[in-house]
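So in full-length UniProt numbering, spot 316 of the sequence shown is number 316, and the numbers just go up one at a time.
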Amino acid sequence: MGHLSACTGQAVNLEQPPGASETRYAADGFRLDASGLGDPATERPLEAPENRHAAEGFRLDASGLAEDPAMDDERTDGFAITFVNERASAFYGESSNVGFSRSLLRAISVTWTVDELERLAATGGEQPVESRDMNPSQGILPIEPFDSPGFIASILPKTEVMEDLLDIYFATTGSLFPFIHEPTFRETFSEFKKSGFTKVCRTWLGLLNMTFAMASNFNIGNLVSTKERHKRSQIYYARAEALCSAPFRRSISLEIVQYLLLVVLYLQGAQRSTQTWSVHGILVRTATALGLHSESSGRRLDQVRQETRRRTWLTIFCLDKVLSVSFGRPSSILEEHLTVQPPAPWPITESSQSGRMIGKDHSEFLAISVELYKIMGRSLKTQYNSNLGQVDENVDVITTIKYVGEVRQDLRRWVLALPPHLTMCQPGSFLESSPQNRSQVILTLRYHNLNILVHRPLLDIALQFLSKPEVCSDNAPHTIQLAVAEARDGIASAQSTIDIVHSVLTADSTGHNNLGIWFFTLYYASLVICGRNLWVQRGSSAELEDFTNSGQTYLQKAAEALECLDRDILLVQNCAKYVRYLSGLQHAQS
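If you want it as structure tokens, here you go:
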């Protein structure tokens, strides 16, 4: 370890021009390249005198980042054998987009030729994933390993850049998932700044870098390209990983849990499915080891700490439901295990009474979201057999309709219980960008996404019938026609999702808009519209022409919205091309 420290120190010194240590220190105690302007790639580490850290406490350097021997094992086994990437198929259960795509493609294959299906798969069909990271050609730059030559985790941007990033974080991710107490976090940051950015807990610094990583992904004002935003974000992510990878293997703390929580949110947005699910498992186990699932474990702590623990666990619960649905895998946290109290307003502290903290509690938004995700958990349990991969052959169409009705009633009660300032919004409304409007739009989209999930088994029944050769939807058994009729509410939610996203992006395509969804929510809604179109096209109903035209319009709007979401990300653009291709195929068959 001493040799590593010496080598690191030499590498740092080689980066300095002569006299830099005397002339390049900023007023806040760390050296910066004057051309940095917030670009993490151009920032420089703190280089204080050697005896400075002994007097002031923790000094940031890169010498401790290679202390995990497992990192080297990933590349060689000690016998000059280099490991290559292993291919592995991932399991995606019935609630996932992949599960629904299977039903859709089986029904499509009856109508369209093999050549057309091969083209469809080439443009957007989902295949088993490989255990590898994204490469630049896919639109997401690879994260630089934190033990690579020249990588230093102890680099910080300028003070004003850090403060701007914190403002963005708490206005975006921090308002959607309010588990970090902003006054306390900013107070710690102020103390860190007063120390000359030298005295701070390593895990807290990792958490700080994760907030920077999340904030950098938001396109505020279209100032930089998507690729540049992702590049900056991944640099902060790599620094956070370097700072926290060793501590979380040795010990646990609330900061470690919050760091892991942000990592899962980050990886989910980066579409690294294998990593997302794996880190989520670590997150749940670490949180339970810390006792966040239990009210009694933190009863001796101060009120702010208790509320922070409670909100962190509730956010993990919500994320657990989202990932379980997305991947089609069993949940890690059951509703009956959710015994902590609902979120309450933050206790008033001296730091929270400042002007910038007024009106930034978000406890009500979190409490309402938790209730919605509880309903999602019930849907998974009753309608998808908890994603256990076992199809219950005894469940008939009538029973499926009964399950849909029960969960739908829960959803309606949830809507009726919403406070007036958080009621559901209609497409075209609430276009003015504001925190209040944003909360309503996001809650509405979350509701529609769950409503689609609740009604999707009915559409699956219709698609299963259409998978048989030479069948017509008009001649379907009465029970199947009843299922399609009951599915209309879910189809309406898919249409509303597309309308809302399209109208919001048309009004404002920058990060200032009210949109708070990932692109796969829009893609999911498009698949549902495709399924409904297919049912209508396989019949001779009088509504064929009207619904086909309407369906084509929605698919075109969805493709336009996807193209506006992220023009530089190839994965998003492929989804848009896939939707346009499906639209073209269905138009040709109409």
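Glycine is no exception: its CB is placed at the ideal position from the N, C-alpha and C atoms. Keep in mind the model is a prediction, meaning the values are calculated, not measured.
> Using the rule of at least 16 other Cβ atoms within 10 Å of the residue's Cβ for burial, across every protein chain shown, is K557 buried or exposed?
Replying inline: With 16 or more Cβ atoms within 10 Å of its Cβ, K557 is classed as buried.
> If you draw a straight line from the alpha carbon of L571 to that of V110, how long is it in whole angstroms?
Replying inline: 28 angstroms
> Helix, strand or coil: which one does DSSP assign to I316?
Replying inline: helix
>> By alpha-carbon positions, which one of L176, K194, S195 and D167 ends up nearest to P183?
In response: D167
> Do you know whose CA, among A476, I333 and A559, lies nearest G539's CA?
Replying inline: When each option's Cα is compared against that of G539, the closest is A476.
> Expressed to the nearest angstrom, what Euclidean distance is found between the alpha-carbon atoms of F192 and H181?
Replying inline: Between F192 and H181, the C-alpha separation is close to 17 angstroms.
>> Rounding to the nearest angstrom, what Cα-Cα distance links L463 and Y169 in this structure?
In response: Cα-Cα distance, rounded: 42 angstroms.
>> By the three-class DSSP mapping on this structure, what secondary structure does A240 have?
In response: helix
>> For a test of the three-state rule: what should DSSP assign to residue 645, helix, strand or coil?
In response: This structure leaves residue 645 out entirely; the chain is present only between 1 and 590.
>> Does A90 come out as helix, strand or coil in the three-state DSSP assignment?
In response: coil
> How is T553 classed by DSSP in three states: helix, strand or coil?
Replying inline: Three-state result, T553: helix.
> How would you write the range of the alpha helix (DSSP H) that F212 sits in, first residue to last?
Replying inline: R202 to S216
>> Using the three-state DSSP reduction, which class does A70 fall into: helix, strand or coil?
In response: With a pLDDT of only 38 at A70, under 50, the local geometry of the prediction cannot be trusted, and no value is derived from it.
> Taking the alpha-carbon positions, what's the V454 to H337 distance?
Replying inline: 23 angstroms
> Along the chain, where does the alpha helix (DSSP H) that runs through E364 open and close?
Replying inline: E364 -> alpha helix (DSSP H) spans S363 to Q383.
>> Residues in the same chain with beta-carbon distance under 8 angstroms from I529, minus the five sequence neighbours each way, listed in chain order, please.
In response: I491, A494, Q495, I498, G551, Y554, L555 and A558
>> Helix, strand or coil for S63? Go by DSSP, reduced to three states.
In response: Bear in mind that a pLDDT of 41 at S63, under 50, signals an unreliable position, so the number given afterwards is only what the model happens to contain. Correct three-state label for S63: coil.
> Are any of the Cβ atoms in chain B nearer than 8 angstroms to that of R272?
Replying inline: Going by chain labels, chain B is absent from the structure shown, which holds only one protein chain.
>> DSSP three-state label for F179, please.
In response: coil
> Do L482 and N451 have their C-beta atoms within less than 8 angstroms of each other?
Replying inline: No, Cβ-Cβ distance for L482 and N451 is not below 8 angstroms.
> Run through DSSP, which three-state label would V501 get?
Replying inline: helix
> Cα-Cα, which of W535, V501 and G584 is closest to E563?
Replying inline: V501
> Residue ranges of each alpha helix (DSSP H) run of no fewer than 4 residues wholly in the stretch 468-500, ordered along the chain?
Replying inline: Taking only runs of at least 4 residues, the alpha helix (DSSP H) segments lying wholly in the stretch 468-500 are 478-486.
>> Quick check on F79: buried or exposed, where buried means 16 or more other Cβ atoms within 10 Å of its Cβ?
In response: Any answer about F79 is weak, because its pLDDT of 44 lies below 50 and its placement is not dependable; what the coordinates show is given next. F79 is exposed by the Cβ-count criterion.
> Is the Cβ-Cβ distance between P457 and V404 less than 8 angstroms?
Replying inline: In terms of Cβ geometry, P457 and V404 form a close pair [threshold 8 angstroms].
> So, are the CB atoms of N387 and G93 less than 8 angstroms apart?
Replying inline: yes
>> I'd like the list of long-range same chain contacts for W313, defined as Cβ closer than 7 angstroms, with 5 residues on each side in sequence excluded.
In response: Contacts found: A287, L292, H293 and V340.
> Within 10 angstroms of its Cβ, does L416 collect 16 or more other Cβ (buried), or is it exposed?
Replying inline: exposed
> For Q426, does the three-state DSSP call read helix, strand or coil?
Replying inline: coil
>> Assuming S278 is part of the alpha helix (DSSP H), what are its boundary residues?
In response: S273 to A289
> Going by other Cβ atoms of all chains shown within 10 Å of its Cβ, with 16 needed for buried, is T479 buried or exposed?
Replying inline: exposed
>> Along the chain, where does the alpha helix (DSSP H) containing D460 start, and where does it finish?
In response: P435 to L466
> Do the stretch 246-263 and the stretch 223-236 touch if we need at least three Cβ pairs shorter than 8 angstroms?
Replying inline: No, the stretch 246-263 does not touch the stretch 223-236.
>> Helix, strand or coil for D302? Go by DSSP, reduced to three states.
In response: coil
> Given that a residue counts as buried once 16 or more other Cβ atoms are within 10 Å of its Cβ, and exposed if not, what is L319?
Replying inline: Buried is the call here.
>> Let me confirm a value: P345 is counted as buried when at least 16 other C-beta atoms fall within 10 Å, else exposed. Which label applies?
In response: exposed
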